[in-house]
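Asks:
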Amino acid sequence: MPIVLFPTGNKNQKFIVKNLGDYILMTNYLFDPLAIIQIAPASGDETIVGTSGDDTLYGYGGNDLLIGDLGNDALYGGSGRDRLYGDDGNDILNGGDDEDSLYGDDGNDILNGGDDEDSLYGGNDNDILNGGDDDDILNGGNANDILNGDDGDDSLYGGNGNDKLYGGKNNDYLYGGNANDILNGGKNNDYLYGSDGNDKLYGSDGNDKLYGGAGDDSLYGGDGNDTLVGTSTSYSVSGQGQIDFIAPGADNDKILLGDGYEPYYDDDDITTDGSNDYATIIGFDPLEDTVQLYGENSFYSLGSSGNNTNLYLNKPDGEPNELIAVFSNITSGIDLTSSTFSYVYFPA
Numbered sequence: 001m002p003i004v005l006f007p008t009g010n011k012n013q014k015f016i017v018k019n020l021g022d023y024i025l026m027t028n029y030l031f032d033p034l035a036i037i038q039i040a041p042a043s044g045d046e047t048i049v050g051t052s053g054d055d056t057l058y059g060y061g062g063n064d065l066l067i068g069d070l071g072n073d074a075l076y077g078g079s080g081r082d083r084l085y086g087d088d089g090n091d092i093l094n095g096g097d098d099e100d101s102l103y104g105d106d107g108n109d110i111l112n113g114g115d116d117e118d119s120l121y122g123g124n125d126n127d128i129l130n131g132g133d134d135d136d137i138l139n140g141g142n143a144n145d146i147l148n149g150d151d152g153d154d155s156l157y158g159g160n161g162n163d164k165l166y167g168g169k170n171n172d173y174l175y176g177g178n179a180n181d182i183l184n185g186g187k188n189n190d191y192l193y194g195s196d197g198n199d200k201l202y203g204s205d206g207n208d209k210l211y212g213g214a215g216d217d218s219l220y221g222g223d224g225n226d227t228l229v230g231t232s233t234s235y236s237v238s239g240q241g242q243i244d245f246i247a248p249g250a251d252n253d254k255i256l257l258g259d260g261y262e263p264y265y266d267d268d269d270i271t272t273d274g275s276n277d278y279a280t281i282i283g284f285d286p287l288e289d290t291v292q293l294y295g296e297n298s299f300y301s302l303g304s305s306g307n308n309t310n311l312y313l314n315k316p317d318g319e320p321n322e323l324i325a326v327f328s329n330i331t332s333g334i335d336l337t338s339s340t341f342s343y344v345y346f347p348a
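Heads up: the sequence shown is residues 1 to 348, going by UniProt numbering.
#1: Contact defined as beta carbons within less than 8 angstroms: I believe Tyr-345 pairs with Gly-295. What is the distance between those atoms, to the nearest angstrom?
#2: Tell me, which residues are paired with Thr-272 by DSSP?
#3: Smallest Cα separation from Leu-65: which of Asp-73, Ala-74, Tyr-85, Thr-56?
#4: In terms of DSSP beta bridges, what is Gly-258 paired with?
#5: Could you give the distance in angstroms between the alpha-carbon of Tyr-60 and the alpha-carbon of Ser-79?
#6: Just to confirm my understanding: we take residue 355, look at its own chain, exclude 5 residues before and 5 after, and list those with CB closer than 6 angstroms. What are they?
#7: Measuring only the C-alpha atoms, how far is Asn-314 from Asn-321?
#8: With DSSP run on the structure shown, which of helix, strand or coil describes residue 369?
#9: So is Gly-306 buried or exposed if we call it buried at 16+ other beta carbons inside 10 Å?
#10: Whose C-beta lies closer than 7 angstroms to the C-beta of Gly-77 among residues of the same chain, with five residues either side of it excluded?
#11: Anyone know if the C-beta pair for Ser-204 and Gly-185 falls short of 8 angstroms?
#12: Quick test of your reading: Glu-288 and Asn-329, contact by CB under 8 angstroms. State the CB separation rounded to the nearest angstrom.
#13: Would the beta-carbon of Leu-257 fall within 8 angstroms of that of Gln-292?
#14: Return the CA-CA distance between residue 349 and Phe-341, expressed in angstroms with no decimal places.
#15: Is Gly-230 near Asp-244, with beta carbons less than 8 angstroms apart?
#16: Measuring alpha carbon to alpha carbon, tell me which residue in Leu-165, Asp-115, Asp-151 is nearest Asn-139.
#17: By the 10 Å Cβ neighbour count, where 16 or more other Cβ atoms means buried, how is Glu-46 classified, buried or exposed?
#18: Taking buried to mean at least 16 other C-beta atoms within 10 Å of its own C-beta, is Asp-317 buried or exposed?
#19: Could you work out which residue in Asp-217, Gly-212, Tyr-312, Asn-297 is closest to Asp-273 when comparing CA atoms only?
#20: Exposed or buried, Gly-21, counting other C-beta atoms within 10 Å across all chains shown (16 or more means buried)?
#21: Thinking Asp-135 and Asp-154 are a contact (beta carbons under 8 angstroms), I'd like their distance in whole angstroms, please.
#22: Who are the Cβ neighbours of Val-326 in its own chain at under 8 angstroms, not counting the five residues just before and after it?
#23: Less than 8 angstroms between the beta carbons of Asp-208 and Leu-183, yes or no?
#24: How many Å lie between Gly-212 and Ser-298 at the Cα?
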């Protein structure tokens, strides 16, 4: 049978329950509580449900289930594989040791995974998710969230809203989701995908892969040998209507302006010259960086425009050539037949 506690009087009342079964429920029938409930370290697997007030729930040992319910709650899982649900209100969830699952639900919540491999789900509103040690999964959910992978090989998913994702140490996977996101891989070799919206991607240290996706994106390679792709490679017309900003950074970086199936930034409009969809490339070094293109070098031509060099996809029958990329502040040293450019083609 469940144990039902009816706190009275003191708003800071503290309950310590030792080995008293599987289910503990706090209710507020008798007062408006600011209550603390705690399961002693010797306890087994417990279920703790808060009240409509601002509660502090402690799980300690065992694989516990903590539910904050209404109010601005603080939940501490302790050791064991715990599940923490903030429910309504602006809650703070701390997983503690072992592999925990944290759900912020409604409200502006803070989720701290702690040690081991944790799963954090922000839910609605503006949340902050901190993975902690080991390999964590962070999902911001709706609204504008901040996700910090910290240590370990983490997977970060921004979801809806304008999110900020920071991979931290080790090899991380960052997926921005909808809206305008900021992704920073941090140290080691990371994979960044902006998806929809006008995103900013920073590879930082390590050999990173940056994919802007849809929207007008800005990609910064940073240190290491990076691969940068402004568009989404899954679209039938990749880069259509996009103007992306690509900055390779230090070391030997590779910029993809096409794959074996199609050139990127070709709008397939026989009346336009591509001035509404192209990549602006800043800080390109022809002696260190490379560009991948679709087809072969005869498909393309170069032209100068002030201090820039423009790359065009040649078009037939009087159709204007299509602008694919602008190499900013470079007027010499770019040769379509040199090793700076590589070409791929997969016949249908």
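Cβ atoms here follow ideal geometry from the backbone N, Cα and C, with glycine treated the same way. Quick caveat: nothing in here was measured; it's all calculated off a predicted structure.
Replies: Taking the geometry as given:
#1: 5 angstroms
#2: Answer is none; Thr-272 lacks a bridge partner.
#3: Tyr-85
#4: Pro-263
#5: 6 angstroms
#6: The first residue shown for the chain is 1 and the last is 348, placing residue 355 beyond what the model contains.
#7: 5 angstroms
#8: Nothing in the structure corresponds to residue 369, since the chain is present only between 1 and 348.
#9: exposed
#10: Gly-59, Asp-64, Leu-66, Leu-84, Asn-94, Gly-95, Gly-96, Asp-100
#11: yes
#12: By a beta-carbon distance limit of 8 angstroms, Glu-288 does not contact Asn-329. Their separation comes to about 16 angstroms.
#13: yes
#14: Beyond the ends of the chain as shown, which are 1 and 348, falls residue 349; an answer cannot be given.
#15: yes
#16: The shortest C-alpha separation from Asn-139 is found at Leu-165.
#17: buried
#18: exposed
#19: Tyr-312
#20: Because the pLDDT at Gly-21 is just 44, under 50, the model does not fix this residue reliably, and the point stays unresolved.
#21: 6 angstroms
#22: Contacts found: Tyr-278, Ala-279, Thr-280, Ile-281, Ser-305, Asn-308, Thr-309, Asn-310, Leu-311.
#23: no
#24: Each residue's Cα considered, the two are about 28 angstroms apart.
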